[in-house]
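Just so we're aligned, residue 93 is where the sequence shown starts under our numbering, counting upward by one. We put the CB at the ideal spot given by N, CA and C, even for glycine.
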Amino acid sequence: MSTYSQVLAFSIIVPLIFSFHNKIQFQKQWAAFFKANILVAIPFLIWDELFTRNEVWGFTNEHLIGAYLFNLPIEEILFFIIIPYCCTFTYEVFLKLKLKTRNITHSLTLGLGIIILLMGGLFYNKIYTAVTFISLGVLLVILSVQKKEFINTFYLTYLVITASFFLLVNGILTGGTLENPPVWYNNSETLNIRIWTIPIEDFFYSMLLLLSNIWLFETFKSNAAEQQNN
Numbered sequence: 093m094s095t096y097s098q099v100l101a102f103s104i105i106v107p108l109i110f111s112f113h114n115k116i117q118f119q120k121q122w123a124a125f126f127k128a129n130i131l132v133a134i135p136f137l138i139w140d141e142l143f144t145r146n147e148v149w150g151f152t153n154e155h156l157i158g159a160y161l162f163n164l165p166i167e168e169i170l171f172f173i174i175i176p177y178c179c180t181f182t183y184e185v186f187l188k189l190k191l192k193t194r195n196i197t198h199s200l201t202l203g204l205g206i207i208i209l210l211m212g213g214l215f216y217n218k219i220y221t222a223v224t225f226i227s228l229g230v231l232l233v234i235l236s237v238q239k240k241e242f243i244n245t246f247y248l249t250y251l252v253i254t255a256s257f258f259l260l261v262n263g264i265l266t267g268g269t270l271e272n273p274p275v276w277y278n279n280s281e282t283l284n285i286r287i288w289t290i291p292i293e294d295f296f297y298s299m300l301l302l303l304s305n306i307w308l309f310e311t312f313k314s315n316a317a318e319q320q321n322n
């Protein structure tokens with residue numbers, strides 16, 4: 093088993109097992125999750141393929157099993173299913189626990205979105221920075237205008253995931269514990285600012301990926317609930 097696939101297996105094992113816990117029962121939300129995940133994964137995989145072809149980032153063969161779809165290793169494709177699954181599962185657990193979260197106003201989300209959007213424009217010559225920041229900024233502005241109520245629980249989920257799971261997983265994938273990283277980045281296309289070995293852009297990319305999944309997950313979940321009530 094490759095290093096990358098070991099990281100993915102480690103990531104999914106607990107969320108998958110506890111999906112069937114009688115107080116969580118996340119398996120009942122699989123339809124909503126996988127509909128959302130497919131719609132998000134497709135543009136992200138296209139983005140990934142284009143960046144890989146243009147050497148914005150790439151992969152080290154010694155940490156892969158060697159199966160590819162176009163220029164993407166199978167582990168990278170599975171990443172866009174497994175990591176959002178783990179995050180959406182965590183988000184759903186927090187909903188079940190009914191944790192009290194700070195009420196983040198939609199104005200703050202709008203302000204955050206505008207700041208990130210402007211930063212993307214400022215660093216337009218750094219392709220990873222620009223595309224990630226602009227995409228996330230636009231999404232945050234849209235959600236603030238739509239006044240989505242799930243955003244408070246999402247922020248909590250993102251903070252918990254980032255402070256623990258994300259740092260460990262991305263730290264390994266970017267070479268924090270290895271001589272040659274499974275995933276490498278072209279520093280000329282980033283701000284070249286790293287936390288441990290993780291490019292600062294990855295934190296925004298992660299938010300964009302996970303927020304997109306949860307946004308559509310909540311949409312499909314609400315639609316299913318409405319159909320049951322009719």
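Where residue i sits in the DSSP three-state scheme
{"i": "Phe258", "result": "helix"}
{"i": "Gly267", "result": "coil"}
{"i": "Ile116", "result": "coil"}
{"i": "Leu161", "result": "strand"}
{"i": "Ser94", "result": "coil"}
{"i": "Leu156", "result": "coil"}
{"i": "Ser111", "result": "coil"}
Beta-carbon proximity list for residue i, same chain, < 7 Å, skipping 5 on both sides
{"i": "Phe110", "result": "Ile116"}
{"i": "Ile169", "result": "Leu137 and Leu161"}
{"i": "Asn278", "result": "Glu147, Val148 and Trp149"}
{"i": "Glu310", "result": "Phe242"}
{"i": "Ser97", "result": "Ile157 and Glu167"}
{"i": "Asp140", "result": "Leu164 and Glu168"}
Paired residues, beta bridge with residue i - DSSP
{"i": "Tyr183", "result": "Looking at the DSSP assignment, Tyr183 forms no beta bridge with any residue, so it has no partner."}
{"i": "Tyr297", "result": "Answer by DSSP bridge pairing: none, since Tyr297 is not bridged."}
{"i": "Arg286", "result": "Pro291"}
{"i": "Gly150", "result": "Trp276"}
Contact set for residue i: own chain, Cβ-Cβ below 6 Å, skip 5 residues either direction
{"i": "Ser181", "result": "In the sequence as presented, Ser is not what sits at residue 181; that position holds Phe. Once the five neighbours on either side are set aside, the close Cβ partners of Phe181 are Pro107 and Phe118."}
{"i": "Phe143", "result": "Trp149"}
{"i": "Phe312", "result": "Ala124, Lys127 and Ala128"}
{"i": "Ile166", "result": "Ala159"}
{"i": "Pro273", "result": "Thr266 and Gly267"}
Sequence-distant residues of its chain with Cβ nearer than 8 Å to residue i (five each side left out)
{"i": "Thr224", "result": "Gly212, Glu293, Phe296, Tyr297 and Leu300"}
Can you list, in chain order, the stretches of the beta strand (DSSP E) that have 3 or more residues and sit fully within the region 199-249?
none
Between the region 199-206 and the region 127-139, do at least 3 Cβ pairs fall closer than 8 Å?
no
At least 3 beta-carbon pairs within less than 8 Å: the region 288-305 vs the region 228-240
Contact between the region 288-305 and the region 228-240 is present: three or more C-beta pairs spanning the two stretches fall below 8 Å.
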